[in-house]
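A.B. asks: Per our numbering, residue 357 is the first one in the sequence shown, and the count goes up by one each step. We put the CB at the ideal spot given by N, CA and C, even for glycine. No experiment lies behind these values; they were computed from the predicted model shown.
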Amino acid sequence: MRKLLPLIGNPHGSGRSALTCRYRCGDACFHEVPNTSDNEYVGDVIARAYSRRSMLRSAAVVTVATAAGTAVTLGAGGGQPAEAAPSADPKAGSGEAARGLRFKAVAPNTDDRVTVPEGHDQNVVIRWGDPIVKGAPAFNPDKQTAAAQAGQFGYNNDFLSLLPLGGGYERQQLLVANHEYTDENLMFKGYDPANPTREQVEVAWAAHGLGVVVVQEDHRSGKLTAVNRHQLNRRLTATSEFRLTGPAAGSALLKTSADPTGTKVLGTLNNCSGGTTPWGTTLHGEENFNQYFANAGQVTDPAEAARLKRYGVSTGATERKWERFDKRFDCLQEPNESHRFGWVVELDPYDPNSVPRKRTALGRFKHEGAQPRLTEDGRPVVYMGDDERFDYFYKFVSSKQMKRGDSRAAKEHNLTLLDEGTLYVAKLTGDSPAAEVDGSGKLPADGQFDGSGVWIKLATASASGNVSHVEGMTAEEVFVFTRQAGDKVGATKMDRPEDIEPSPRTGRVYVVLTNNTDRGKAGKAGADEANPRNLNKHGQILELAENFDDPAGDGFAWRLFLVAGDPNDASTYFAGFPKDKVSPISCPDNVTFDPHGNLWISTDGNQLGSHDGLFGVATAGERRGELKQFLTVPRGAETCGPLVQDKRVLVAVQHPGEIDGASVEKPQSVWPDGPGKIVRPAVVSVWRKDGKNIGV
Ligand code: FEO
Ligand code: CA
Ligand code: CA
357 MRKLLPLIGN
367 PHGSGRSALT
377 CRYRCGDACF
387 HEVPNTSDNE
397 YVGDVIARAY
407 SRRSMLRSAA
417 VVTVATAAGT
427 AVTLGAGGGQ
437 PAEAAPSADP
447 KAGSGEAARG
457 LRFKAVAPNT
467 DDRVTVPEGH
477 DQNVVIRWGD
487 PIVKGAPAFN
497 PDKQTAAAQA
507 GQFGYNNDFL
517 SLLPLGGGYE
527 RQQLLVANHE
537 YTDENLMFKG
547 YDPANPTREQ
557 VEVAWAAHGL
567 GVVVVQEDHR
577 SGKLTAVNRH
587 QLNRRLTATS
597 EFRLTGPAAG
607 SALLKTSADP
617 TGTKVLGTLN
627 NCSGGTTPWG
637 TTLHGEENFN
647 QYFANAGQVT
657 DPAEAARLKR
667 YGVSTGATER
677 KWERFDKRFD
687 CLQEPNESHR
697 FGWVVELDPY
707 DPNSVPRKRT
717 ALGRFKHEGA
727 QPRLTEDGRP
737 VVYMGDDERF
747 DYFYKFVSSK
757 QMKRGDSRAA
767 KEHNLTLLDE
777 GTLYVAKLTG
787 DSPAAEVDGS
797 GKLPADGQFD
807 GSGVWIKLAT
817 ASASGNVSHV
827 EGMTAEEVFV
837 FTRQAGDKVG
847 ATKMDRPEDI
857 EPSPRTGRVY
867 VVLTNNTDRG
877 KAGKAGADEA
887 NPRNLNKHGQ
897 ILELAENFDD
907 PAGDGFAWRL
917 FLVAGDPNDA
927 STYFAGFPKD
937 KVSPISCPDN
947 VTFDPHGNLW
957 ISTDGNQLGS
967 HDGLFGVATA
977 GERRGELKQF
987 LTVPRGAETC
997 GPLVQDKRVL
1007 VAVQHPGEID
1017 GASVEKPQSV
1027 WPDGPGKIVR
1037 PAVVSVWRKD
1047 GKNIGV
């Protein structure tokens, strides 16, 4: 008999259903916070002197002292169009929105559909189960097989990338998608969570991973349609071959009975957000990998038990019971297998035969995403968040320069850029007296949540030998157990770092912090200037400025750009823009930039009674902080993977209908195909009916 999931409350207080918490994050917020380190008092963080050029070449900036006492500034970001200071003019907001954001904002709502602004149209580009690879059958949810699923679009699309196809195919683009997790209750009729069948488990393995599919542009609109059976179309699943590269590849910490080399892994799991590199590859964060591995609670080696606990690996049986069907998912039988997940994966989507790489130089944690930019001399800098309450954010700076051009030699070289370089973690200091940050969100006397920060070196990967910068840990240990390295050096505990993206226009980096309802609870870290609200339900976005030409440096200035919530809530802040002229927003998660330099933000777990949505906000100019909602998603869904091109806005509608009590038999949404049809996560494109560009 089918067993129903117990109806459980949602301890993190977000609008997410208990089902989503369970299947997406392995109930991360039900468990004790894995970061119990007392790193506030570590006294060995040595302030380093570093000289630097001015971060700015324009006026109207905020200047702060860094931890090392050197002045760096946060304003226009240097080397880019100048901007006005955040306006205190009460008339701001009375004129026209920033270019790119000129649409009528969508009101908060709970409609079971994708709601777009007036004058816009939409189509479903591709759904879970649509065949993409040659030979894959049409989707039949009643007769789904692992073999069919391995050739079809996967479940729960998250991060999206669109890459040009070129070569005479100007109207085609390459769409790359993450398939973060499966919800078996919504995939299989009569699913019994206590007794999954082998076939169901193998379908789930095949529904995880990555998807590559060529999409055709409509010549009159922003509509996109998937090209079935294109030779570049591809699926990578929980059982495809992946290669470990970089400083920890081949380490004893990564060897298993099936792979004594410590370099070959089957599969990628829980790919959440990601990034697109300037050399034409895509990056994919392995996030809540911990939930797939069982029995960590019975591991007796104290050091290994502590590591598993720090990563929140399941203490007993897992929700999906995969350990019953493959012993590698059991920590007792294959102790190192879980160490082979939690990496950033790099995929070359232009080569359908390429083996994707897990880049160990970028560290191991619950990777949300990974977005690179280049230094002036062409070295990639990659920003990364660890999505857990009270965890850290990081950057990796490559020691190698990107080669331009399409030659085979350039391509081969560029596929090594992320194997050598230095991994850093962020430590932030506020500039206001601690007593002025009272946990309510009230601005301190200087009118800003702001301060300085330092990137603390953790380890350097190099062909000539890897170096640890953390006392008591080897370089291999730093790369494999990066969270513990962050603990030791006193990194700043943040409110769940999600996407982190540098603005292509200003170079400023936006760090999305989604929420943390444990902030300020007994025994937990209280509010600080970067995480200024206790019991933080709605999240905030932090703006960080490094030297535009040299983001490889180790100092930065920061300030909060957005403190999310209902604009009527006194604790919210929209970069100083009048709050009666912005859309309410809650739980920011994934972000992208449009061609005009505006930041677009998707949400996960709206706490304000509306469905999740996508919002655009100006980051520069006199409209800086004007936030407008562009769309909302159906019941139970999260907005993921946003992309904004001239003619279209693309979103991944993830886990529609994932509401407590939902099943295939009792759907809680009719999206996308209407009543009587199984609910399917899908990618949606939105465009203007008049054929003009988005938001102009
Ligand atoms: Fe998969 Fe951090 O969201
Ligand atoms: Ca301040
Ligand atoms: Ca996310």
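With DSSP collapsed to three states, give me the class of residue 658.
C.D. replies: DSSP places residue 658 in helix when its eight states are reduced to three.
A.B. asks: Can you tell me where the beta strand (DSSP E) with residue 532 in it begins and where it stops?
C.D. replies: Residue 532 -> beta strand (DSSP E) spans 528-535.
A.B. asks: Confirm the yes/no value for this check: CB of residue 743, any heavy atom of ligand 1, distance under 6 Å.
C.D. replies: Under cutoff, so the answer is yes.
A.B. asks: How about residue 830: is its C-beta nearer than 7 Å to some C-beta of chain B?
C.D. replies: In the structure shown, chain B cannot be found, because there is only a single protein chain.
A.B. asks: Kindly provide the chain-ordered list of residues whose Cβ lies closer than 7 Å to any non-hydrogen atom of ligand 2.
C.D. replies: This selection yields 786, 787, 788, 800, 802, 804, 805, 806, 807, 885.
A.B. asks: Assuming residue 578 and residue 1003 are in contact, meaning their beta carbons sit under 8 Å apart, how far apart are those beta carbons, in whole angstroms?
C.D. replies: The Cβ separation is near 4 Å, so the contact holds.
A.B. asks: Alpha helix (DSSP H) containing residue 835: first to last residue?
C.D. replies: Here the alpha helix (DSSP H) through residue 835 covers 831-836.
A.B. asks: If we count the other Cβ atoms within 10 Å of its Cβ and call it buried at 16 or more, is residue 587 buried or exposed?
C.D. replies: Classification of residue 587: exposed, given that the 10 Å Cβ count is below 16.
A.B. asks: Consider the C-beta atom of residue 724 and the heavy atoms of ligand 1; say whether any pair is separated by less than 6 Å.
C.D. replies: Yes, ligand 1 has a heavy atom inside 6 Å of this Cβ.
A.B. asks: Go ahead and pull the three-state DSSP assignment for residue 850.
C.D. replies: Correct three-state label for residue 850: strand.
A.B. asks: From residue 688 to residue 607, what does the alpha carbon distance come to, in whole angstroms?
C.D. replies: Rounded to whole angstroms, residue 688 to residue 607 spans 19 Å at the Cα level.
A.B. asks: Buried or exposed: residue 763, going by 16 or more other Cβ atoms within 10 Å of its Cβ?
C.D. replies: With fewer than 16 other Cβ atoms within 10 Å, it is exposed.
A.B. asks: Quick check on residue 775: does DSSP put it in helix, strand or coil?
C.D. replies: Residue 775: helix per DSSP, three-state reduction.
A.B. asks: I need the straight-line Cα distance from residue 371 to residue 487, nearest angstrom please.
C.D. replies: The alpha-carbon atoms of residue 371 and residue 487 are separated by roughly 33 Å.
A.B. asks: May I ask whether a heavy atom of ligand 1 can be found less than 6 Å away from the beta carbon of residue 857?
C.D. replies: Flag unset: Cβ of residue 857 not near ligand 1.
A.B. asks: Measuring alpha carbon to alpha carbon, tell me which of 387, 462, 551, 378 ends up nearest residue 983.
C.D. replies: Among 387, 462, 551, 378, the Cα nearest to that of residue 983 belongs to 462.
A.B. asks: Does residue 599 come out as helix, strand or coil in the three-state DSSP assignment?
C.D. replies: Three-state result, residue 599: strand.
A.B. asks: Which of the three DSSP states is assigned to residue 986 in this structure?
C.D. replies: If DSSP states are grouped into helix, strand and coil, residue 986 belongs with the strands.
A.B. asks: Let me know the secondary structure DSSP gives residue 650 once reduced to three states.
C.D. replies: Note: residue 650 maps to strand in three-state DSSP.
A.B. asks: Any idea what DSSP makes of residue 944, helix, strand or coil?
C.D. replies: Note: residue 944 maps to strand in three-state DSSP.
A.B. asks: At what residues does the alpha helix (DSSP H) containing residue 1038 begin and finish?
C.D. replies: Unbroken run through residue 1038 is the beta strand (DSSP E), 1038-1044; no alpha helix (DSSP H).
A.B. asks: Can you grab the Cα-Cα spacing for the pair residue 955 / residue 561, in whole Å?
C.D. replies: So the two alpha carbons sit approximately 34 Å from each other.
A.B. asks: Going by the beta-carbon positions, is the gap between residue 1013 and residue 992 smaller than 7 Å?
C.D. replies: The answer is yes: Cβ separation under 7 Å.
A.B. asks: Since residue 827 contacts residue 946 with CB under 8 Å, what's their CB separation in whole angstroms?
C.D. replies: Rounded, the Cβ-Cβ distance is 36 Å, inconsistent with contact.
A.B. asks: Below 8 Å on the Cβ atoms is my guess for residue 713 versus residue 702; work out the distance and round it to an integer in Å.
C.D. replies: The Cβ separation is near 5 Å, so the contact holds.
A.B. asks: Whose C-alpha, out of 468, 379, 452, is nearest the C-alpha of residue 990?
C.D. replies: Comparing Cα-Cα distances from residue 990 to each of 468, 379, 452, the minimum goes to 468.
A.B. asks: Does the beta carbon of residue 945 fall short of 6 Å from some heavy atom of ligand 3?
C.D. replies: Answer for residue 945: yes, Cβ within range of ligand 3.
A.B. asks: Using C-beta distances below 6 Å, list every residue in its chain close to residue 916, excluding the 5 sequence neighbours before and after it, in chain order.
C.D. replies: Only 805, 896, 898 meet the Cβ criterion.
A.B. asks: Compute the Euclidean distance between the alpha carbons of residue 823 and residue 1043, then round it to the nearest angstrom.
C.D. replies: Taking the straight line joining both Cα atoms gives about 50 Å.
A.B. asks: With a 10 Å radius around its C-beta and 16 neighbouring C-beta atoms as the bar for buried, classify residue 1045 as buried or exposed.
C.D. replies: Residue 1045 should be labelled exposed.
A.B. asks: With C-beta atoms as the reference, is residue 647 less than 7 Å away from residue 670?
C.D. replies: A contact, by the Cβ cut-off of 7 Å.
A.B. asks: For residue 592, count the other beta carbons within 10 Å of its own beta carbon; 16 or more makes it buried, fewer makes it exposed. Which is it?
C.D. replies: Burial call: buried.
A.B. asks: Candidates 869, 546, 922: which alpha carbon is nearest residue 935's?
C.D. replies: Taking only the C-alpha atoms, the option nearest residue 935 is 922.
A.B. asks: Return helix, strand or coil for residue 739, following the three-state DSSP convention.
C.D. replies: Residue 739: strand per DSSP, three-state reduction.
A.B. asks: From residue 778 to residue 1035, what distance separates their C-alpha atoms?
C.D. replies: C-alpha separation (whole angstroms): 44 Å.
A.B. asks: Quick one: what's residue 508 bridged to in DSSP?
C.D. replies: 487, per the DSSP bridge assignment.
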